[in-house]
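Let me begin by presenting the structure, written as structure tokens, before commenting on it.
Residue numbers (full-length UniProt numbering): 1 to 227.
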């Protein structure tokens with residue numbers, strides 16, 4: 001009886017292992033991240049595990065694909081040192097109100113988010129193409145909410161981007177402050193913020209608190225807190 005039980009257990013374990021091997025590569029949390037991986041917890045987990053060299057390689061690939069235009073910047077010291085940062089000039093066909101400094105993870109996550117989710121969502125829900133992202137900046141050597149005794153903000157390491165609005169191909173300019181509650185743009189803005197959970201550690205908007213009433217804060221800390 002014990003022998004039959006052991007054999008049955010081996011069969012079950014073998015079937016489970018075989019099923020694991022047959023799963024798509026992107027469902028394996030320990031397989032390398034690919035630019036073609038779908039958004040979600042597994043992809044976000046892989047993003048958090050990237051070494052600086054792995055992130056730089058993927059960012060180069062994203063540049064070759066035309067998903068973004070970025071350039072490495074020199075490392076800097078001081079109270080808020082930056083290592084391996086890049087300056088982002090555009091996300092493919094999507095312009096920026098101005099270039100911004102970004103850590104490699106922020107630049108890569110943003111390129112994936114805009115290419116895989118923001119552009120398709122805009123076309124589907126707004127019946128127009130996304131043309132420009134207006135932002136309030138990324139790097140600022142300060143504490144959270146500028147409080148003296150608070151911890152360093154994600155902006156102090158160029159790990160967050162504050163987006164204030166968007167411009168569409170049909171000429172519409174939509175701000176987070178005015179568009180969040182609007183009947184035409186509100187559902188789209190909320191869909192964008194929700195979709196950001198698959199790429200960033202946190203996505204904060206008007207529903208979070210008054211300090212984020214006029215922008216989306218998309219940062220790398222945490223694991224998918226979006227509100």
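Backbone N, C-alpha and C fix where the C-beta goes; we use that ideal spot for every residue, glycine too.
If we count the other Cβ atoms within 10 Å of its Cβ and call it buried at 16 or more, is residue 145 buried or exposed? The residue given as residue 145 occupies position 145 in the chain shown. Burial call: exposed.
Quick check on DSSP: helix, strand or coil for residue 207? Sequence index remark: in the chain shown, residue 207 carries index 207 (1-based). Coil, per DSSP.
In this structure, how does DSSP classify residue 12 when only helix, strand and coil are distinguished? Working through the chain shown from its first residue, we reach residue 12 at position 12. Per-residue confidence for residue 12 stands at a pLDDT of 47, beneath the threshold of 50, marking its modelled position as unreliable; the derived number appears in the next sentence. In the structure shown, residue 12 sits in a helix (DSSP, three-state: H, G or I).
Just tell me which of 164, 129, 55 has its CA closest to the CA of residue 171. Taking the first residue of the chain shown as position 1, residue 171 is located at position 171. Answer by Cα proximity: 129.
Among 189, 175, 177, 113, which one has its Cα closest to the Cα of residue 38? Position 38 of the chain shown, counting from 1, holds the residue named residue 38. Per the Cα distances, 113.
Thinking residue 123 and residue 195 are a contact (beta carbons under 8 Å), I'd like their distance in whole angstroms, please. By 1-based counting over the chain shown, the position of residue 123 is 123. By 1-based counting over the chain shown, the position of residue 195 is 195. Not a contact, Cβ separation roughly 13 Å.
Taking the CB atoms as reference points, tell me whether residue 98 and residue 87 lie closer together than 8 Å. The residue labelled residue 98 in the question sits at position 98 within the chain shown. The residue labelled residue 87 in the question sits at position 87 within the chain shown. Against a cut-off of 8 Å, the Cβ pair of residue 87 and residue 98 comes out as no contact.
For the stretch 85–154, list the alpha helix (DSSP H) runs that are entirely contained and at least 4 residues long, ordered along the chain. 104–113, 119–126
Just the Cα atoms here: how many angstroms apart are residue 69 and residue 95? Along the chain shown, read from residue 1 onward, the residue named residue 69 stands at position 69. Along the chain shown, read from residue 1 onward, the residue named residue 95 stands at position 95. Approximately 10 Å, taken between the alpha carbons.
Out of 53, 78, 174, 84, state which residue places its alpha-carbon closest to the alpha-carbon of residue 135. Locating residue 135 in the chain shown gives position 135, where the first residue counts as 1. When only C-alpha atoms are compared, the closest one is 174.
Rounded C-alpha distance that separates residue 151 from residue 219: Stepping through the chain shown from its first residue, residue 151 is reached at position 151. Stepping through the chain shown from its first residue, residue 219 is reached at position 219. One C-alpha to the other measures close to 15 Å.
Can you determine whether any heavy atom of the ligand GDP sits closer than 7 Å to the C-beta of residue 36, and answer yes or no? What this structure holds is no ligand at all, so the ligand GDP is not there to describe.
Please determine, among 48, 76, 177, 115, the residue with the shortest C-alpha to C-alpha distance to residue 216. Indexing the chain shown from 1 puts residue 216 at position 216. Nearest of 48, 76, 177, 115 to residue 216, Cα basis: 177.
Quick one: Cα of residue 161 to Cα of residue 109, how far? Position 161 of the chain shown, counting from 1, holds the residue named residue 161. Position 109 of the chain shown, counting from 1, holds the residue named residue 109. Near 11 Å, if we compare the C-alpha coordinates of residue 109 and residue 161.
Alpha carbon to alpha carbon, how far is residue 92 from residue 167? Give it in angstroms, no decimals. Locating residue 167 in the chain shown gives position 167, counting from the first residue. Locating residue 92 in the chain shown gives position 92, counting from the first residue. Roughly 15 Å between the two C-alpha positions.
Do you know offhand how far residue 142's Cα is from residue 55's? Taking the chain shown and counting its residues from 1, one reaches residue 142 at position 142. Taking the chain shown and counting its residues from 1, one reaches residue 55 at position 55. If I take the Cα positions, the gap works out to 25 Å.
For residue 198, count neighbouring C-beta atoms within 10 Å of its own C-beta (all shown protein chains included) and say buried if the count is 16 or more, exposed if not. Reading the chain shown from its first residue, position 198 is the one you call residue 198. The residue is buried, with at least 16 neighbouring Cβ atoms inside 10 Å.
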